[in-house]
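**Student:** I am attaching a structure below and will ask some questions about it afterwards.
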Amino acid sequence: MLGRIEIAALIGLIGGAAPVFAHHAFAAEFDVNQPVEVRGTVTKVDWVNPHAWIYVDVKDADGKTVNWHFELGAPNALFRLGWKKDAIPSGTQVKISGFRAKNGENVGNGRSIILPDGKELFSGGSGPGSEGTTKQ
Amino acid sequence: MLSRQLTTLLLAAASLFGQAATEPWTPSRTPDGQPDLQGMYTRNGVVGLEASPPENPIDPSSKNPLSVSNRGDGLGPYPGIFGQGGQVLRAGQARQQRRTGIVDPPDKKLPWKPGEDAKRREFLLHMNPAADLRHVELNARCALPGLFQGEDGNNPYQFLQRAGEVMIAYDYNHTSRIVHLDGRPHLGPNIRLFMGDSIGRWEGNTLVVDTTNFNGHVAYSREIPYLSDRLHISERFTIADANTIDYEATIDDPELFTKPWTTAGYFTRVPKGVQSMEFACAEGSQTLVNIFGNPPGASK
């Protein structure tokens, strides 16, 4: 299985940003006018089709813990990039930004997932705008 | 230090770059005498946009002025990872220069019946927010993808051949189609299918396929969100070289268009070691809940 650095090198070598596809249209499901950013503790990562999901316990303004769900890429896309099911153990601290689902629940599309040390998860080994990341 | 797997991928990419498309290619033969096109490929360039497509309120591409990709802060909707799995599959394909997109009519203006074009433009307007279930795109409902919605580039297709048949196994939505080469007629008109009924024949190194019996629940693209059950598709898969199949599809849908039109693209073999994986869309799809909310009485 390829490591993330090798994947980034491969993508850099082959070049050519490709359009980003998903099996469903973003705008039908998520609200671009409701950007969200949460900090919390990972409770679970579900590697299910058609999209993996990450679950995070977040303290709201009243100090109450609520569980947020964020959509990730398809499991086969993550796997082909070298990610394994146990890549993010429960208990990991993360900051997630994305857009809220139109149903108004604590659900979103995970645009960016960042660890306390600044490392970005599920980005193919590089952050937005740097080599290996598809610019949209 | 590059791993052996990465080196293999890069060598595969280099061999693809090195293929001279102009040299005649003689494919090997299967035991029953068919030109052998077996292997795993991605498809490229087929679903090209028509000229002046309608604004699509759910299209995430930056071409669409309503798209979330055009946010002032530059943040697109999806992380780059959504496309990068496909880039691994497409290693070595960047320098291919072949016919792609709508090739007939040459001006890419599709021969819509005016009333039907107006209906589809109205339909698109009701997809965001989705007015009802019917206006949620078929892919998002985990419908089988038909011949054009197999997530080209992000999910490979595997061609398998046995006596009298070519099977195309889709990575996307874990489905398949079988092209029967034994001269049988199409199924009766009462049998309607997402993937249609395909019969075919070989003309030299070209597999010619005729597909009918669609069910009226397949799309061509996000701009053409449905095709009718009168859809009739003629395809040509031409083995161009060891790693490339040129593709052409003529779409004849007399319900929607005044005459047939043709799109083109090509399949390129994926690097060695790529495997198809289960993509069971229904397993964990949250799309309908995320749009419409939980059904009454459902636990959250």
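Going down the list, the protein sequences come from chains A and B.
1 is the number of the first residue of the first sequence in the numbering used here; add one for each residue after it.
1001 is the number of the first residue of the second sequence in the numbering used here; add one for each residue after it.
Note that CB positions come from ideal geometry on N, CA and C, so glycine has one too.
Given the structure is predicted, the values throughout are model-derived calculations rather than measurements.
Rounded C-beta distance between residue 1136/B and residue 1179/B? I'm assuming under 8 Å.
**Tutor:** Here residue 1136/B refers to the residue found at position 136 of the second sequence. Here residue 1179/B refers to the residue found at position 179 of the second sequence. Their Cβ separation, rounded to whole angstroms, is 31 Å, which puts residue 1136/B and residue 1179/B out of contact at 8 Å.
**Student:** Identify which residue in 1183/B, 1140/B, 1197/B, 1186/B has its Cα closest to the Cα of residue 1168/B.
**Tutor:** Indexing the second sequence from 1 puts residue 1168/B at position 168. Among 1183/B, 1140/B, 1197/B, 1186/B, the Cα nearest to that of residue 1168/B belongs to 1197/B.
**Student:** Ignore the nearest five residues each way along the sequence and tell me which others in residue 1151/B's own chain have a CB closer than 6 Å to its CB.
**Tutor:** For the purposes of this step, residue 1151/B is identified with residue 151 of the second sequence, where counting begins at 1. Answer for residue 1151/B: 1172, listed in chain order.
**Student:** Should residue 1246/B be labelled buried (16 or more other beta-carbon atoms within 10 Å of its own) or exposed?
**Tutor:** Start at 1 with the first residue of the second sequence, and residue 1246/B comes out as number 246. Label assigned to residue 1246/B: buried.
**Student:** Can you name, in chain order, every residue of its own chain whose Cβ lies under 8 Å from the Cβ of residue 92/A, other than the five neighbours on each side?
**Tutor:** Taking the first residue of the first sequence as 1, we reach residue 92/A at position 92. Cβ neighbours of residue 92/A beyond the five flanking positions: 41, 42, 115.
**Student:** Please list, in chain order, the chain A residues whose beta carbon lies closer than 8 Å to that of residue 1046/B.
**Tutor:** Counting from 1 along the second sequence, the entry for residue 1046/B is found at position 46. Those do not exist, as residue 1046/B stays about 13 Å from chain A at its closest Cβ, beyond 8 Å.
**Student:** My output table needs one value for residue 59/A: the three-state DSSP class, helix, strand or coil.
**Tutor:** Locating residue 59/A in the first sequence gives position 59, counting from the first residue. In this structure, residue 59/A counts as strand in the three-state DSSP scheme.
**Student:** Select from 1212/B, 1154/B, 1138/B, 1201/B the residue whose C-alpha is nearest the C-alpha of residue 1188/B.
**Tutor:** By 1-based counting over the second sequence, the position of residue 1188/B is 188. With distances taken between Cα atoms, residue 1188/B lies closest to 1212/B.
**Student:** Can you confirm whether residue 1166/B, when its beta carbon is compared against all beta carbons of chain A, has any partner nearer than 9 Å?
**Tutor:** Counting from one through the second sequence, the residue named residue 1166/B turns up at place 166. Contacts with chain A at 9 Å (Cβ-Cβ) do not include residue 1166/B.
**Student:** Please state the DSSP three-state secondary structure of residue 1088/B.
**Tutor:** Counting from one through the second sequence, the residue named residue 1088/B turns up at place 88. It is helical.
**Student:** With the cut-off set at 9 Å, would you say residue 28/A and residue 1058/B are in Cβ contact?
**Tutor:** Against the first sequence, residue 28/A aligns to sequence position 28. Against the second sequence, residue 1058/B aligns to sequence position 58. Going by C-beta atoms, residue 28/A is nearer than 9 Å to residue 1058/B.
**Student:** Under three-state DSSP, which class holds residue 1294/B?
**Tutor:** Within the second sequence, numbered from 1, the residue matching residue 1294/B stands at position 294. Residue 1294/B falls in the coil class under three-state DSSP.
**Student:** Can you grab the Cα-Cα spacing for the pair residue 1225/B / residue 1123/B, in whole Å?
**Tutor:** The sequence position of residue 1225/B within the second sequence is 225, counting from 1. The sequence position of residue 1123/B within the second sequence is 123, counting from 1. Roughly 8 Å between the two C-alpha positions.
**Student:** Give a yes or no on whether the minimum CB-CB distance between residue 1123/B and chain A is below 9 Å.
**Tutor:** Here residue 1123/B corresponds to residue number 123 of the second sequence, with the count starting at 1. Output row for residue 1123/B: interface = no.
**Student:** State buried or exposed for residue 1126/B, treating a residue as buried only when at least 16 other CB atoms are found within 10 Å of its CB.
**Tutor:** For this step, residue 1126/B is matched to residue 126 along the second sequence. Answer is exposed; the Cβ neighbour count stays below 16.
**Student:** By a C-beta neighbour count over all protein chains shown, 10 Å radius and 16 as the cutoff for buried, is residue 96/A buried or exposed?
**Tutor:** Here residue 96/A corresponds to residue number 96 of the first sequence, with the count starting at 1. So residue 96/A counts as buried.
**Student:** On the DSSP letters alone, give me the boundaries of the beta strand (DSSP E) that residue 95/A sits inside.
**Tutor:** By one-based count along the first sequence, residue 95/A stands at place 95. 93-101 is the extent of the beta strand (DSSP E) around residue 95/A.
**Student:** Quick one: residues in its chain with C-beta nearer than 8 Å to the C-beta of residue 1105/B, no 5 flanking neighbours on either side, listed in chain order?
**Tutor:** One-based indexing of the second sequence puts residue 1105/B at position 105. Contacts found: 1111, 1261.
**Student:** Which class does residue 1215/B belong to by DSSP, given the choice of helix, strand or coil?
**Tutor:** As a first step, residue 1215/B must be located in the second sequence, where it is residue number 215. Of the three classes helix, strand and coil, the one that applies to residue 1215/B here is coil, per DSSP.
**Student:** Could you work out which residues of chain A lie near residue 1285/B, taking near to mean beta carbons separated by less than 7 Å?
**Tutor:** Residue mapping note: residue 1285/B aligns to position 285 of the second sequence, counting from 1. What residue 1285/B touches in chain A: 50.
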